[in-house]
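Letter by letter, the sequence shown follows residues 6 to 470 in my numbering.
A virtual CB, placed ideally from N, CA and C, is assigned to each residue, including glycine.
In this text the structure is predicted, and so the values were computed from the model without any measurement.
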Amino acid sequence: MIKKAEGFYEYFLRKDGSKTKATHYCAGCGHGIIHKLIAEALADFGLQDDTVFVSPVGCGAFCYYYFDCGNVAAAHGRASAVATGLSRALPGKVVIAYQGDGDLGAIGFNNAFQAANRGEKFVCFFINNAIYGMTGGQMAPTTLPGQKTATSPMGRDVATDGYPLHVCEVFNQLPAPVFIERVSVADTKRILKARKAIRKAIEIQKEGKGYAFVEILSPCPTNMKISAVDAAQFTIDALEKVFPLGNFRDRSAEPALQPHVIPIKPLHELIVATSSDNVDGGEFAEKEFKFCGFGGQGILSLGLVLAHAGNDAGKNVSWFPSYGPEQRGGTASCSVVLSGKDIGSPTVDRPDVLVAMNQPSLEKFAPTVKDGGVIIYDAQIPVEFDLPEKVTVYAFPAAEIATSQGVPKAANTALLGALLSLDLIGLPEEVVLTALKDSFAEKPKLIPKNIAIVDAAKAWMRDNL
Ligand SMILES: Cc1ncc(C[n+]2csc(CCOP(=O)(O)OP(=O)(O)O)c2C)c(N)n1
Ligand code: SF4
Ligand SMILES: [Mg+2]
Numbered sequence: 006m007i008k009k010a011e012g013f014y015e016y017f018l019r020k021d022g023s024k025t026k027a028t029h030y031c032a033g034c035g036h037g038i039i040h041k042l043i044a045e046a047l048a049d050f051g052l053q054d055d056t057v058f059v060s061p062v063g064c065g066a067f068c069y070y071y072f073d074c075g076n077v078a079a080a081h082g083r084a085s086a087v088a089t090g091l092s093r094a095l096p097g098k099v100v101i102a103y104q105g106d107g108d109l110g111a112i113g114f115n116n117a118f119q120a121a122n123r124g125e126k127f128v129c130f131f132i133n134n135a136i137y138g139m140t141g142g143q144m145a146p147t148t149l150p151g152q153k154t155a156t157s158p159m160g161r162d163v164a165t166d167g168y169p170l171h172v173c174e175v176f177n178q179l180p181a182p183v184f185i186e187r188v189s190v191a192d193t194k195r196i197l198k199a200r201k202a203i204r205k206a207i208e209i210q211k212e213g214k215g216y217a218f219v220e221i222l223s224p225c226p227t228n229m230k231i232s233a234v235d236a237a238q239f240t241i242d243a244l245e246k247v248f249p250l251g252n253f254r255d256r257s258a259e260p261a262l263q264p265h266v267i268p269i270k271p272l273h274e275l276i277v278a279t280s281s282d283n284v285d286g287g288e289f290a291e292k293e294f295k296f297c298g299f300g301g302q303g304i305l306s307l308g309l310v311l312a313h314a315g316n317d318a319g320k321n322v323s324w325f326p327s328y329g330p331e332q333r334g335g336t337a338s339c340s341v342v343l344s345g346k347d348i349g350s351p352t353v354d355r356p357d358v359l360v361a362m363n364q365p366s367l368e369k370f371a372p373t374v375k376d377g378g379v380i381i382y383d384a385q386i387p388v389e390f391d392l393p394e395k396v397t398v399y400a401f402p403a404a405e406i407a408t409s410q411g412v413p414k415a416a417n418t419a420l421l422g423a424l425l426s427l428d429l430i431g432l433p434e435e436v437v438l439t440a441l442k443d444s445f446a447e448k449p450k451l452i453p454k455n456i457a458i459v460d461a462a463k464a465w466m467r468d469n470l
């Protein structure tokens, strides 16, 4: 008698009426067979309570209706990335990523490939039916040359569409995976071999040995537009020719290539800096800053000093950088919020204070400053547009002051001195200076020079305002 595997839920809640034990898969679809093999292995190994199953987007999207274990649904292509996070956060548990050929071979290929290259501790079941099943039969990376699909009605043309992607063969170039095998569920003989590979890959997880990958050739009669019997035959005759079955690698009996120990910090250590329990400042009025300039001017570091100072003073803080694509010479900005309350969003669209170190950034962000706010910009910047009227604007010689102190690159520190002078930060000066000094922990020689620049900036403000 054919029985439902123990690893499944007793009833599949998505189905009602008399069909509570039927899946949503089409008749003759390989997904259902593969599900049964996995569910059976989980139950046989007693792993249901120790397993998290990551569902893909594709026809397998509803795995969580069936597998009686932990379930997480990933965005399209991201199952291997989600599985990476889960396996690192839950050492000792079994993590399964289940992905189709569109999901893994196209949108998510890099995620899956990098996870395999890192040798993450999870098993990836890769369901290759040579088509996008769920969305109506579009060409997949594994579609065969000449195969007709909704998006290759004349048949896949390798001249324009490339060749079918051989994922096992690609992954087999990587040093880290422990197990790689390609199997099929097109007939009973093949299903028995697939069963063996699936069990082996899950056992490798149970023993915590590392990354395992099983590609499973699987019929999709609906999109192949043929009967279930013909689809199974097509999988044997056509798919296997291009994707030969077999084991590529089994290193499960060998010692691990490297100890795969990921340092994990307890959650309370990670969140202590942001916990509201730490915050004293109900009275502290929220301040929103935007720092902007060229990459390399230290604009992000300046924002970071402020954020650290706020944190040290027991305020809620956020620091949100935005990098240009270039390492040097592109524009960069960061938003910093200091607050006595919880911070709603770390992005700052309407700053109270804008600090600008180059012309394009000043032009871009000056109109966004709140009425009654403040703009401080480096006096070297030529201003060729009308600055907003309802804000106070300071042209401050930051670069000149830094150069006069022998550190031309530290114009950002001069701007910090200007902020302190104008009392725009709202935190005790010694806290801000400590954060500044801390930012040079690895270059202590620069501390006195930067303190001198802050002093020179304050002196300029005193003498000129
Ligand atoms: C970001 C994003 N892009 C595209 C889609 C549309 N989409 C849903 S499933 C799918 C392809 C599924 O094919 P495959 O991974 O081969 O799974 P199958 O259905 O064949 O098992 C696509 C493109 C989506 N849901 N999300
Ligand atoms: S469309 Fe294809 S892959 Fe999707 S459930 Fe039906 S047979 Fe299976
Ligand atoms: Mg598919």
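Residue nearest to residue i in terms of C-alpha spacing, selected from the options
i	options	result
VAL396	PRO226, ILE386, PRO402 and GLY377	GLY377
ASP255	GLN302, VAL190, VAL100 and CYS173	CYS173
ILE386	VAL100, ALA337, LYS205 and ALA361	ALA361
LEU311	TYR328, HIS171, THR147 and SER344	SER344
ASN146	ILE112, GLU125 and PHE127	Just to set this straight, residue 146 is Pro in the shown sequence, not Asn. If we check each option's Cα against that of PRO146, ILE112 comes out closest.
VAL234	GLU434, CYS31, LEU18 and LYS450	CYS31
ILE269	PHE118, LEU95 and ASP108	LEU95
VAL437	ALA318, CYS339 and ILE38	ALA318
PRO249	ALA446, ILE207 and PRO169	PRO169
ASN133	ALA290, PRO413, PRO402 and CYS64	CYS64
GLN364	ASP383, GLU259 and LYS346	ASP383
LYS375	ALA440, LYS295 and ALA117	LYS295
GLY82	LEU109, GLY141 and ALA407	LEU109
ASN321	ILE348, LYS126, ALA457 and GLU208	ILE348
ALA120	TYR14, VAL87 and VAL99	VAL87
ALA404	ALA419, PHE50, GLN143 and LYS98	ALA419
VAL62	SER85, ASP55 and GLN53	SER85
Classification of residue i by the beta-carbon crowding that lies within 10 angstroms, buried from 16 upward
i	result
MET139	buried
ASP192	exposed
SER444	buried
GLY251	exposed
ARG195	buried
ASP391	exposed
THR25	exposed
ILE381	buried
GLY33	buried
GLU288	exposed
ASP106	buried
GLU11	exposed
LEU18	exposed
GLU293	buried
PHE57	For clarity, residue 57 is Val in the given sequence; the question names Phe instead. Burial call: buried.
MET469	Before going further, note that residue 469 is Asn rather than Met in the sequence given. It counts as exposed.
ARG467	exposed
LYS8	exposed
ALA314	buried
LEU197	exposed
ASN115	exposed
PRO260	exposed
LYS448	exposed
VAL459	buried
GLU389	exposed
Chain B contact for residue i (CB, 9 Å cutoff)
i	result
PHE296	In the displayed structure, chain B is absent; only one protein chain is listed.
8 Å contact criterion, which residue i and residue j should meet: CB distance rounded
i	j	result
HIS29	PHE67	6 Å
ALA79	SER60	7 Å
ALA462	SER426	7 Å
SER189	ALA199	7 Å
SER327	ALA337	7 Å
VAL412	LYS454	5 Å
PHE50	LYS211	6 Å
Residue i: CB within 8 Å of a non-hydrogen atom of ligand 5
i	result
ASP166	The model depicted lacks ligand 5 and carries ligand 1, ligand 2 and ligand 3 instead.
ask   = Of all the alpha helix (DSSP H) runs that stay within the bounds of the segment 188–224, which reach a length of 4 or more residues?
value = 193–211
ask   = Are at least three pairs of beta-carbons, each pair with one atom in the segment 172–188 and one in the segment 72–89, less than 8 Å apart?
value = no
request  = Write down every uninterrupted run of the alpha helix (DSSP H) in the segment 45–101 whose length is 4 residues or greater and which is fully enclosed by it, in chain order.
outcome  = 84–94
inquiry  = Contact between the segment 208–223 and the segment 183–192 is defined here as three or more beta-carbon pairs at a separation below 8 Å; is this criterion met?
reply    = yes
message = So within the segment 335–392, which uninterrupted beta strand (DSSP E) runs reach at least 3 residues, ignoring any that extend past its ends?
response = 336–344, 358–361 and 379–383
task = Taking 8 Å as the threshold, find out whether the segment 145–162 comes into contact with the segment 233–248 through three or more Cβ pairs.
result = yes
inquiry  = Threshold first: 4 residues or longer. Then list the alpha helix (DSSP H) segments lying entirely within the segment 99–136, N to C.
reply    = 114–123
query = Per the contact definition of three or more C-beta pairs closer than 8 Å, is the segment 351–358 in contact with the segment 299–310?
reply = no
query = Does the segment 85–93 touch the segment 155–162, meaning 3 or more C-beta pairs lie closer than 8 Å?
reply = no
ask   = Counting pairs of beta carbons, one from the segment 125–141 and one from the segment 223–234, are three or more of them closer than 8 Å?
value = yes
request  = Identify every run of the alpha helix (DSSP H) within the segment 148–195, keeping only runs that are complete inside it and at least 4 residues long; order them along the chain.
outcome  = 163–166 and 172–176
message = Which runs of the alpha helix (DSSP H) at least 4 residues long sit entirely within the segment 293–328? Give them in chain order.
response = 304–317
Alpha helix (DSSP H) runs contained entirely in the segment 385–451, provided each spans 4 or more residues = 403–409, 416–426 and 434–443
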